[in-house]
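The numbering of the sequence shown is numbering that gives the first Met the number 0, which starts it at 0 and goes up by one. Glycine residues also receive a C-beta, built at the ideal position from the N, C-alpha and C atoms.
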Amino acid sequence: MRRVLKTASAFFHHEAAGGIVLLIAAIAALIVKNSALGGAYDAALEFKIGPKFIGLNKPLLLWINDALMAVFFLLVGLEIKRELVAGELSSLGRAMLPGIAAAGGMLAPSLIYLAINMGDPTALRGWAIPAATDIAFAVGVLALLGPAVPVSIKIFLLALAILDDLGAILIIALFYTEHLNLLMLGLAVLGCGVLFVLNRREVPSFWPYGLVGAFIWVCVLKSGLHATLAGVVLALFIPIDAGSETESDMGLLERVEESLHSWVQFGILPIFAFANAGVSLAGMSPSKLLDSVPLGIMLGLVIGKPLGIFAFTWIAVKSGLAPQPKGATWMHILGAAVLGGIGFTMSLFIGMLAFTDAVRAAELRLGVLAGSLISAVVGYLLLKAISARQQPSQPG
């Protein structure tokens, strides 16, 4: 038993563990959806829970996508704030290259999707689906390669993915809000005022922030904005240094981030994957990938992502706007750019906002799963081949 616990502990502390668990959850969803349990799977996600008196008696799928994922967005917001204030994105010089690369990595796949779906106004709502990168999967694949990949490339991809998430958050706020309830939005702003006071007083406990954040979540849900944005808003008001007495002590932001990380990586994201990756394969054939929506998503992830990331990175370096990652070749950058095509979590999330009908929902899942899988395999093999070529030959 001690050996089993030690092995389990080593696994969950490995960088690739989050991506592996996420993959297992997605595969499990596909198996369950296409088994005799498929009906129970759908019924469970449609089962309504929550208090009726405040209008929160909602399907389980909504609680997963709107409530649990708000915690995921809280963690993303904390990571973005930490990197912008004291991390790899804390200066213009450091943020320049991954910022430019992220812009290219969002523009190119969106254009490819738009070009393929130009004649279908409904399908055009999914233009942002292939624009996102999944941090857990991308970093997980890099972790499987170990020291074969330069540290600078890992930092570059992580910073790029974080800025990519920031872009996805802005897209959700700007393009996937159909109506606004100004009263509820006003109450949410009032809640932000309370968070501002807590921040200025540097309250060292998370619970006051969390309670106000829950109030803001309800208001944002009722306002017409997507409720997960409340998680990002809450993150922005969490003070970095509150509660730390020395430089070696962790401040409130870092403590919250550390406490949430495992819950999100091994709980919330796998639950989201299991609830959203289940697609019926009945009547499916490889030709289904040639339909405009899955094809646009797949090509956006597999071709658009690496093309945009690599091209914009090359322009930034050659024009002198930013230095090339230290110790990294252009082939390393290309491999990282291919891994940027692993969209999964955020792509599925945006897709569920873009399409609500069952047919489109199945198509977007198919495109995201296929594009993300191809990007992961090709990116891994490419970086593996690069590292093998760079190994010095062993004497016979």
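- Within the model, the alpha-carbon separation for residue 307 versus residue 183 is close to 39 angstroms.
- Between the beta-carbon of residue 99 and that of residue 311 there is about 5 angstroms, and that keeps the pair under the 8 angstroms contact cut.
- Contact between the stretch 67-75 and the stretch 258-269 is present, with at least three C-beta pairs closer than 8 angstroms.
- Contact between the stretch 86-104 and the stretch 155-168 is present: 3 or more CB-CB pairs across the two stretches fall below 8 angstroms.
- Nearest Cα to residue 165 within the set 75, 347, 237, 52: 75.
- Closest in alpha carbon position to residue 378, among 332, 366, 344, is 332.
- When rounded, the separation of the alpha-carbon atoms in residue 17 and residue 135 is 6 angstroms.
- Setting aside the 5 residues that flank it on each side, residue 109 is surrounded in the same chain by 126, 127, 129, 130, 299, 303, each with a C-beta closer than 8 angstroms to its C-beta; the list follows chain order.
- Going by beta carbons, residue 297 and residue 342 fall outside the 7 angstroms limit.
- Secondary structure of residue 341 (DSSP, three-state): coil.
- In the structure shown, residue 238 adopts coil according to DSSP, grouped into three states.
- Within the model, the alpha-carbon separation for residue 196 versus residue 349 is close to 33 angstroms.
- Looking at 356, 149, 111, the one whose alpha-carbon comes closest to that of residue 330 is 149.
- C-alpha of residue 58 to C-alpha of residue 381: approximately 42 angstroms in a straight line.
- Listed in chain order, the alpha helix (DSSP H) runs fully inside the stretch 103-185 are 134-144, 150-174, counting runs of at least 4 residues.
- Of the residues 146, 38, 251, 116, the one whose Cα lies closest to the Cα of residue 387 is 146.
- The beta-carbon distance between residue 220 and residue 226, rounded to whole angstroms, is 4 angstroms. This is short enough to meet the 8 angstroms contact definition.
- Judged by DSSP in its simplified three-state form, residue 53 adopts coil rather than helix or strand.
- About 5 angstroms separates the CB atoms of residue 223 and residue 179; that is less than 8 angstroms, so the two are in contact.
- Look at residue 293 here: in three-state DSSP terms it is helix.
- Between the alpha carbons of residue 23 and residue 133 lies a distance of about 15 angstroms.
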